[in-house]
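Student: Structure incoming, see below.
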Amino acid sequence: MIASKPTKAVISWCADVLASCAVLVLVISWINDIQSPNNRVLSESFLRNGFCLSPIFDDTHLSCSKFDALCGILCLITMIVTKKSSLGGVAAYFFSHSCGHWNAAVTLAEDGSPQEERVGATDLFVLAAILSIGPLNAASDLVKADKMSKSLGNICAFLGLAAGVSVYALFIKRPCYALLYINIFIILANSLPRSILVGYTSRQDVEIRASKFRWAKLVSGLVVLAVVFSEPFYCDSFVKFIGGHAVFDVVLALDLFVHLMFTFNDELLETQKEIETKME
Numbered sequence: 081m082i083a084s085k086p087t088k089a090v091i092s093w094c095a096d097v098l099a100s101c102a103v104l105v106l107v108i109s110w111i112n113d114i115q116s117p118n119n120r121v122l123s124e125s126f127l128r129n130g131f132c133l134s135p136i137f138d139d140t141h142l143s144c145s146k147f148d149a150l151c152g153i154l155c156l157i158t159m160i161v162t163k164k165s166s167l168g169g170v171a172a173y174f175f176s177h178s179c180g181h182w183n184a185a186v187t188l189a190e191d192g193s194p195q196e197e198r199v200g201a202t203d204l205f206v207l208a209a210i211l212s213i214g215p216l217n218a219a220s221d222l223v224k225a226d227k228m229s230k231s232l233g234n235i236c237a238f239l240g241l242a243a244g245v246s247v248y249a250l251f252i253k254r255p256c257y258a259l260l261y262i263n264i265f266i267i268l269a270n271s272l273p274r275s276i277l278v279g280y281t282s283r284q285d286v287e288i289r290a291s292k293f294r295w296a297k298l299v300s301g302l303v304v305l306a307v308v309f310s311e312p313f314y315c316d317s318f319v320k321f322i323g324g325h326a327v328f329d330v331v332l333a334l335d336l337f338v339h340l341m342f343t344f345n346d347e348l349l350e351t352q353k354e355i356e357t358k359m360e
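First residue of the sequence shown: 81, per this note's numbering; consecutive thereafter.
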């Protein structure tokens, strides 16, 4: 589908706003349900388990752990073959996600509910290390877009990370909620700053958004958003019958691979332009 640069900028900005609003609604509802057990809007099974467990699998956590580990291995192999160091971070994300599912699987009680109810200092440190992916990535993008200096970007990234860890430590608390919290925080940390600082009216903002706009990336991102929003709200209604949390892991993997595909393609085009410029 062909669209002008201003149209792409508007669509891109709307997608960021939608993602930010969806995550904020989810977090506010989540905190409200934790603090007001008698007035809940999220699925009971999600609030009990921290995940949408599916009857399709003998153990949803183990299935997700194996899938994420496989994706991580594929990323490492691709990194070795293509010499793309950026794949290392993606592989690390998959392996950390796999370990989270594995840990959840081996610590479940006999009735399938999480045994550990308290968050320790070590848990918060590991959480902060993983959450930092979101603010650091957002700050890097904004610095490259000349929206802030590198030093200001680092300060904003630190403040964003501190806010994310604080919300979890003060309100979410339970370790079984950590993986979903990580996923939605990373989405919010990327979409909210862009929706505020990168608009769609100025020529600079239009160029920034249009240059990175791809229909496939837009669609895959919206699918991820829809799944991550549906899991806690509609687990008991229908999500658990189509795979539960495993659906999220699959669509997230597809989204990451789509993003990487276009990133590598853009890098290849830039390299070709540089070669052509030197030849001239």
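Cβ atoms here follow ideal geometry from the backbone N, Cα and C, with glycine treated the same way. Given the structure is predicted, the values throughout are model-derived calculations rather than measurements.
If the criterion is Cβ atoms closer than 8 Å, does the pair Gly168 and Leu211 meet it?
Tutor: In this structure, Leu211 does not lie closer than 8 Å to Gly168 by Cβ.
Student: Which whole-angstrom value describes the C-beta separation of Phe126 and Gly152, a residue pair presumed to lie in contact below a C-beta threshold of 8 Å?
Tutor: That belief does not hold up - the Cβ atoms of Phe126 and Gly152 are roughly 26 Å apart, past 8 Å.
Student: Would a C-beta distance cut-off of 8 Å place Ala242 and Leu204 closer than the cut-off?
Tutor: No, Cβ-Cβ distance for Ala242 and Leu204 is not below 8 Å.
Student: Helix or strand or just coil, what does DSSP make of Gly244?
Tutor: Looking at Gly244 - three-state DSSP - the assignment turns out to be helix.
Student: Just to confirm the assignment, what range does the alpha helix (DSSP H) spanning Gly169 have?
Tutor: Counting along the chain, the alpha helix (DSSP H) containing Gly169 begins and ends at Ser166 to Val186.
Student: Express the C-alpha separation of Gly279 and Lys85 in angstroms, rounding to a whole number.
Tutor: When rounded, the distance between both Cα atoms is 13 Å.
Student: State the Cα-Cα distance for the pair Cys315 and Ile264, rounded to the nearest angstrom.
Tutor: Cα to Cα, Cys315 sits roughly 17 Å from Ile264.
Student: Classify Asn118 as helix, strand or coil using the three-state DSSP reduction.
Tutor: The answer is coil: DSSP assigns Asn118 none of H, G, I, E or B.
Student: Using the Cα positions of Ala258 and Leu207, report the straight-line distance between them to the nearest angstrom.
Tutor: Ala258 and Leu207: Cα-Cα distance of roughly 8 Å.
Student: Does the beta-carbon distance from Leu222 to Ser100 come in below 8 Å?
Tutor: The answer is no: Cβ separation not under 8 Å.
Student: For Asn129, count neighbouring C-beta atoms within 10 Å of its own C-beta (all shown protein chains included) and say buried if the count is 16 or more, exposed if not.
Tutor: Classification for Asn129: buried.
Student: Considering Val319, what are the terminal residues of the alpha helix (DSSP H) in which it resides?
Tutor: Taken as a continuous stretch (DSSP letters only), Val319 belongs to no alpha helix (DSSP H), as it is neither H nor E.
Student: Please specify which runs of the alpha helix (DSSP H), each continuous and at least 4 residues long, are wholly inside the stretch 206-286, giving them in chain order.
Tutor: Qualifying alpha helix (DSSP H) stretches, in chain order: 213-224, 230-247 and 258-277.
Student: Who are the Cβ neighbours of Val331 in its own chain at under 6 Å, not counting the five residues just before and after it?
Tutor: Here the set comprises Val303, Val304 and Val307.
Student: If I follow the unbroken alpha helix (DSSP H) through Asp139, where does it start and stop?
Tutor: From DSSP, Asp139 is part of no alpha helix (DSSP H); its letter is neither H nor E.
Student: Residues in its own chain within less than 8 Å of Leu142 by CB, not counting five upstream and five downstream?
Tutor: So the list reads His181, Trp182 and Ala185, once near-sequence residues are dropped.
Student: Can you tell me where the alpha helix (DSSP H) holding Val308 begins and where it ends?
Tutor: Segment Trp295 to Tyr314, the alpha helix (DSSP H) holding Val308.
Student: Which residue from Leu336, Ile288 and Ser178 puts its Cα closest to that of Ser300?
Tutor: Measuring from the Cα of Ser300, the nearest candidate turns out to be Leu336.
Student: Would Trp295 be called buried (16 or more neighbouring beta carbons within 10 Å of its own) or exposed?
Tutor: Exposed, by the Cβ-count rule.
Student: Which of the three DSSP states, helix, strand or coil, is assigned to Ala83?
Tutor: Correct three-state label for Ala83: coil.
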